[in-house]
Amino acid sequence: KNEVEQSPQNLTAQEGEFITINCSYSVGISALHWLQQHPGGGIVSLFMLSSGKKKHGRLIATINIQEKHSSLHITASHPRDSAVYICAVRGGGSEKLVFGKGTKLTVNP
Amino acid sequence: NAGVTQTPKFRVLKTGQSMTLLCAQDMNHEYMYWYRQDPGMGLRLIHYSVGEGTTAKGEVPDGYNVSRLKKQNFLLGLESAAPSQTSVYFCASSDTGYYGYTFGSGTRLTVV
Chain A
4 KNEVEQSPQN LTAQEGEFIT INCSYSVGIS ALHWLQQHPG GGIVSLFMLS
54 SGKKKHGRLI ATINIQEKHS SLHITASHPR DSAVYICAVR GGGSEKLVFG
104 KGTKLTVNP
Chain B
12 NAGVTQTPKF RVLKTGQSMT LLCAQDMNHE YMYWYRQDPG MGLRLIHYSV
62 GEGTTAKGEV PDGYNVSRLK KQNFLLGLES AAPSQTSVYF CASSDTGYYG
112 YTFGSGTRLT VV
């Protein structure tokens, strides 16, 4: 069983919709990362969380340490948000990330 | 622009050939990582380094070797390529291994 599970695997939305992508993990962590992989393949770091909530533009990331769960929200989605969103966790005392398989988001105009 | 540069971007190898992938970063980061990405799987760690002159094995190290002779460069070598090593390879760097990671643009390798 993968230590990091994302849902859904695939998500199709209409422009303007509110998007939620979920990430659950099974180990104690020191940090959780959300990454975005563009259709061209490049990977960009969006957020690093160890508690609470972070916001950047239309993106909001939350984490509940007790429930071992994080969510990535996109408000007023746009076709340019179409990408694969990847959750990754860093275990306590580790220098390494463990990655989820990603959620492929398609936003239609 | 500051960042992580991977070369080459694409390569086709014949089974048994060798090659080296180069990762260079200009952010003075201590930590560097090599991952492979295969369809239906998350990024998997091949090898990593926590500083110049250090290397360590990751999740899938077999068939690969690495070197970090200079802080800014992290080399990934395939001594005898196999079709199972067909993948997209990503290099990443991080200042402390804790905060944000910077990824290279990837190398698409096909072994025939």
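Residue numbers (the working numbering), protein chains in the order written: chain A, 4 to 112; chain B, 12 to 123.
We put the CB at the ideal spot given by N, CA and C, even for glycine.
Note that the structure is predicted; figures quoted are calculated from it, not measured.
In DSSP terms, what residue i is bridged to
| i | result |
| --- | --- |
| A/Arg93 | A/Ala34, A/Leu100 |
| A/Arg61 | A/Arg61 is not bridged to any residue. |
| B/Lys81 | In the DSSP output, where bridge partners are listed per residue, B/Lys81 has none listed. |
| A/Ala79 | Looking at the DSSP assignment, A/Ala79 forms no beta bridge with any residue, so it has no partner. |
| B/Tyr75 | B/Leu89 |
| A/Gln17 | A/Asn111 |
Residue i, DSSP secondary structure in three states
| i | result |
| --- | --- |
| A/Ser48 | strand |
| B/Ser95 | helix |
Nonlocal neighbours in the same chain, by C-beta distance under 6 Å from residue i, ignoring five residues either side
| i | result |
| --- | --- |
| B/Asn129 | The requested residue 129 of chain B does not occur in the structure, where chain B is confined to residues 12 to 123. |
| B/Asn84 | Ala35 |
| B/Thr121 | Val23, Thr97 |
| A/Val92 | Val7, Tyr28, Ile32, Leu35, Val101 |
Beta-carbon contacts of residue i that lie in its chain and below 7 Å, excluding the five residues immediately before and after
| i | result |
| --- | --- |
| A/Gly95 | Gly31, Ile32, Ser33 |
| A/Thr23 | Ser74, His76 |
| B/Pro19 | Thr118 |
Cβ shell of residue i (< 8 Å), same chain only, five flanking positions each side left out
| i | result |
| --- | --- |
| A/Glu18 | Ser80, His81, Pro82, Val110, Asn111, Pro112 |
| A/Ile46 | Leu38, Gln39, Gln40, Ile89 |
| B/Gly6 | Residue 6 of chain B is absent from the structure shown; chain B starts at 12 and stops at 123. |
| B/Gln48 | Leu54, Arg55, Ser98, Val99, Tyr100, Phe101, Gly117 |
Check: residue i C-beta below 8 Å from any heavy atom of the ligand NAP
| i | result |
| --- | --- |
| A/Ile63 | As for the ligand NAP, it is missing from this structure, which has no ligand bound. |
Taking a Cβ distance cut-off of 8 Å, strictly less, list which residues of the region 46-69 of chain A are near chain B, in chain order.
-> Ile46, Val47, Ser48, Met51
query = Just by C-beta distance, which residues in the region 44-57 of chain B are closer than 9 Å to chain A?
reply = Tyr44, Tyr46, Gln48, Gly51, Met52, Gly53, Leu54, Arg55, Leu56
### Message
If the cut-off is 9 Å on Cβ atoms, which residues from the region 81-115 of chain B count as contacting chain A, listed in chain order?
### Response
Val99, Phe101, Ala103, Ser105, Thr107, Gly108, Tyr109, Tyr110, Gly111, Tyr112, Thr113, Phe114, Gly115
Item checked: Members of the region 56-80 of chain B that neighbour chain A once the beta carbon cut-off is set at 9 Å -> Leu56, Tyr59, Val61, Ala67, Gly69, Glu70
Using 8 Å as the Cβ pair cut-off and three pairs as the minimum, do the region 94-109 of chain B and the region 44-59 of chain B touch? yes
- Pull out every residue of the region 24-46 of chain A whose Cβ sits closer than 9 Å to any Cβ of chain B, in chain order. Ser33, Ala34, His36, Leu38, Gln40, Gly43, Gly44, Gly45, Ile46
Original post:
Residues in the region 97-108 of chain A with C-beta within 9 Å of chain B's C-beta atoms, listed in sequence order?
Top reply: Ser97, Glu98, Lys99, Leu100, Val101, Phe102, Gly103, Lys104, Gly105
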